[in-house]
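The structure appears right after this line, and notes come after that.
2 protein chains.
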Amino acid sequence: MTAALTIKQVAEKTALSVHTLRYYERCGLIASVDRASNGHRRYSADDIRWIKFLNRLRLTGMPIRQMQQYAKLVRQYPDAAFGDRRQLLENHRETVTRQIHQLQENLAVVDWKIQHYSELEDKLNEHSKINS
Amino acid sequence: MTAALTIKQVAEKTALSVHTLRYYERCGLIASVDRASNGHRRYSADDIRWIKFLNRLRLTGMPIRQMQQYAKLVRQYPDAAFGDRRQLLENHRETVTRQIHQLQENLAVVDWKIQHYSELEDKLNEHSKINS
DNA sequence: GCTTGACTTAGAGTGCGCTCTAACTTTTAA
DNA sequence: TTAAAAGTTAGAGCGCACTCTAAGTCAAGC
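Here the protein sequences come in this chain order: A and B.
Each step along the first sequence adds one to the number in the working numbering, with nothing skipped, and position 113 is 113.
Each step along the second sequence adds one to the number in the working numbering, with nothing skipped, and position 76 is 76.
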């Protein structure tokens, strides 16, 4: 068996704060974490896997609302609703893919500007050479 | 000469709201827009180019604070400080590039999960075929 | 003359995702 | 035994980037 972890240990493992872990639990993203006899949370290996995946979703910009939907599906039908879950993730993938494209597109314009500044700098340098 | 545009027209052209345009002006991102005799804003072609570039920065996630720095450089030294401006944009480019990489990395995990769900669905389908 | 609609300002409100506080209990180490 | 560290809850607060409201001005068309 694997040792159950305290909230602080999970915070370190997942790079979320203890505040955020409690917040996620409060708003239904993490369900029913075991408690020690003193009421302290004890996280299982499964909990940690789940939290890490949740965090992947967050880091791709999925809103909490949508994560709640996903979490609900997983909780209600642990061994089913794979189609619905997949659909939700695929929609999200599409969103993120579009977002990445737009980032790249906008970044290209910034690149262009950087290039432009480089050329202006070069011109200034040449000018100062001539005048020296 | 090009016709000066009203705030509403600029909102349409830039896909920002009139509220946002005033907000950007208030916080120093857009400086000194001309006014008609009645006090209404009249935007020049240059203003619009500037606003569009600002928006590129925003769409790549640059914080307002940093845009303010950049705007300040441009305003204080319209024909100089190219090095500083370039540096600022290059730092930002680096940030965005890293962000894109991380998005792709996290998205790969989501993809993996989608794949996993597909396989589970397939198994369920086979099972129902056998049992039918 | 009067309505409609676009504009102005200062400042308040909103939604998101945390992040922190207060007041309290429990555990651990000196 | 006692101080420090870590846990608990409910609920308040924060930072960001808008977004909207209220109260007013102004110009054009009926």
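Glycine included, C-beta positions come from ideal geometry on N, C-alpha and C.
Does the beta carbon of B/H92 come closer than 8 Å to any beta carbon on chain A? In the second sequence, residue 92 of chain B corresponds to position 92, counting from 1. It does; some Cβ of chain A falls within 8 Å.
Check whether the segment 82 to 91 of chain A and the segment 85 to 99 of chain B touch, using three or more Cβ-Cβ pairs below 8 Å as the test. no
Against chain A, does B/T60 count as a neighbour if the rule is that its beta carbon must be under 8 Å from one of theirs? As a working mapping, residue 60 of chain B is identified with position 60 in the second sequence. With 8 Å as the cut-off, B/T60 counts as an interface residue toward chain A.
Alpha carbon of A/I48 to alpha carbon of A/T14, nearest angstrom: Start at 1 with the first residue of the first sequence, and residue 48 of chain A comes out as number 48. Start at 1 with the first residue of the first sequence, and residue 14 of chain A comes out as number 14. In a straight line, the C-alpha of A/I48 is about 8 Å away from that of A/T14.
Return the CA-CA distance between B/W50 and B/R65, expressed in angstroms with no decimal places. Locating residue 50 of chain B in the second sequence gives position 50, where the first residue counts as 1. Locating residue 65 of chain B in the second sequence gives position 65, where the first residue counts as 1. The alpha-carbon atoms of B/W50 and B/R65 are separated by roughly 17 Å.
Could you have a look at A/D79 and say whether DSSP puts it in helix, strand or coil? Within the first sequence, the letter at position 79 stands for residue 79 of chain A. If DSSP states are grouped into helix, strand and coil, A/D79 belongs with coil.
Positions along the segment 97 to 122 of chain B whose CB lies within less than 8 Å of some CB in chain A: T97, Q99, I100, Q102, L103, Q104, N106, L107, V109, V110, D111, K113, I114, Y117, S118, L120, E121
Around the Cβ of B/T97, are there at least 16 other Cβ atoms within 10 angstroms (buried) or fewer (exposed)? Taking the first residue of the second sequence as position 1, residue 97 of chain B is located at position 97. Exposed.
Interface residues of chain A around B/L16 at Cβ under 9 Å? Taking the second sequence and counting its residues from 1, one reaches residue 16 of chain B at position 16. Residues of chain A passing the Cβ test: none, with the nearest at roughly 14 Å.
What span of residues does the alpha helix (DSSP H) with B/L57 cover, start to end? Position 57 of the second sequence, counted from the first residue, corresponds to residue 57 of chain B. Segment 45 to 59, the alpha helix (DSSP H) holding B/L57.
Residues near B/R93 by beta carbon distance below 6 Å, same chain, minus five either side: Position 93 of the second sequence, counted from the start, is the residue given in the question as residue 93 of chain B. Nothing meets the Cβ criterion.
Would A/T95 and B/L103 qualify as a contact pair, given that the criterion is a beta-carbon distance under 8 Å? Your numbering for residue 95 of chain A matches position 95 in the first sequence. Your numbering for residue 103 of chain B matches position 103 in the second sequence. Against a cut-off of 8 Å, the Cβ pair of B/L103 and A/T95 comes out as no contact.
Simplified DSSP assignment, three categories, for A/L120: For the purposes of this step, residue 120 of chain A is taken as residue 120 along the first sequence, with counting starting at 1. A/L120 falls in the helix class under three-state DSSP.
Following the continuous alpha helix (DSSP H) through A/I7, name the residue where it begins and the one where it ends. Taking the first sequence and counting its residues from 1, one reaches residue 7 of chain A at position 7. Start and end: 7 to 14.
Rounding to the nearest angstrom, what Cα-Cα distance links B/H101 and B/N38 in this structure? Along the second sequence, one-based indexing puts residue 101 of chain B at 101. Along the second sequence, one-based indexing puts residue 38 of chain B at 38. One C-alpha to the other measures close to 50 Å.
Check the Cβ-Cβ distances between B/L89 and every residue of chain A, and say whether any is below 8 Å. Taking the second sequence and counting its residues from 1, one reaches residue 89 of chain B at position 89. Yes, B/L89 counts as interfacial toward chain A.
Residues of chain B with a CB under 7 Å from the CB of A/G83: which are they? Working through the first sequence from its first residue, we reach residue 83 of chain A at position 83. The answer, in chain order, is E121.
Label A/Y70 either buried or exposed according to how many other C-beta atoms from any shown protein chain fall within 10 Å of its C-beta, with 16 as the threshold for buried. For the purposes of this step, residue 70 of chain A is taken as the residue at position 70 of the first sequence. Answer is buried; the Cβ neighbour count reaches 16.
DSSP puts A/D34 in a beta bridge; with which residues? In the first sequence, residue 34 of chain A corresponds to position 34, counting from 1. Bridge partners of A/D34: A/R42.
Is B/V10 near B/Y43, with beta carbons less than 8 Å apart? As a position in the second sequence, residue 10 of chain B is number 10, starting the count at 1. As a position in the second sequence, residue 43 of chain B is number 43, starting the count at 1. Their beta carbons are under 8 Å apart, which means B/V10 touches B/Y43 by this criterion.
My output table needs one value for B/A71: the three-state DSSP class, helix, strand or coil. Stepping through the second sequence from its first residue, residue 71 of chain B is reached at position 71. Residue state, collapsed to three classes: helix.
Name, going along the chain, the residues of the segment 61 to 77 of chain B whose beta-carbon falls closer than 7 Å to a beta-carbon of chain A. none
DSSP state of A/L89 mapped onto helix, strand, coil: Here residue 89 of chain A refers to the residue found at position 89 when the first sequence is read from its first residue. It is helical.
Beta-carbon spacing of B/L5, B/L29 below 8 Å: Numbered from its first residue, the second sequence carries residue 5 of chain B at position 5. Numbered from its first residue, the second sequence carries residue 29 of chain B at position 29. Going by C-beta atoms, B/L5 is not nearer than 8 Å to B/L29.
State the start and end residues of the unbroken alpha helix (DSSP H) segment that holds B/L21. Locating residue 21 of chain B in the second sequence gives position 21, where the first residue counts as 1. Counting along the chain, the alpha helix (DSSP H) containing B/L21 begins and ends at 18 to 26.
Give me the residue from A/R41, A/A36, A/A3, A/D34 with the minimum Cα distance to A/H19. Walking along the first sequence from the start, residue 19 of chain A turns up at place 19. Of the listed residues, the one whose Cα sits closest to A/H19 is A/R41.
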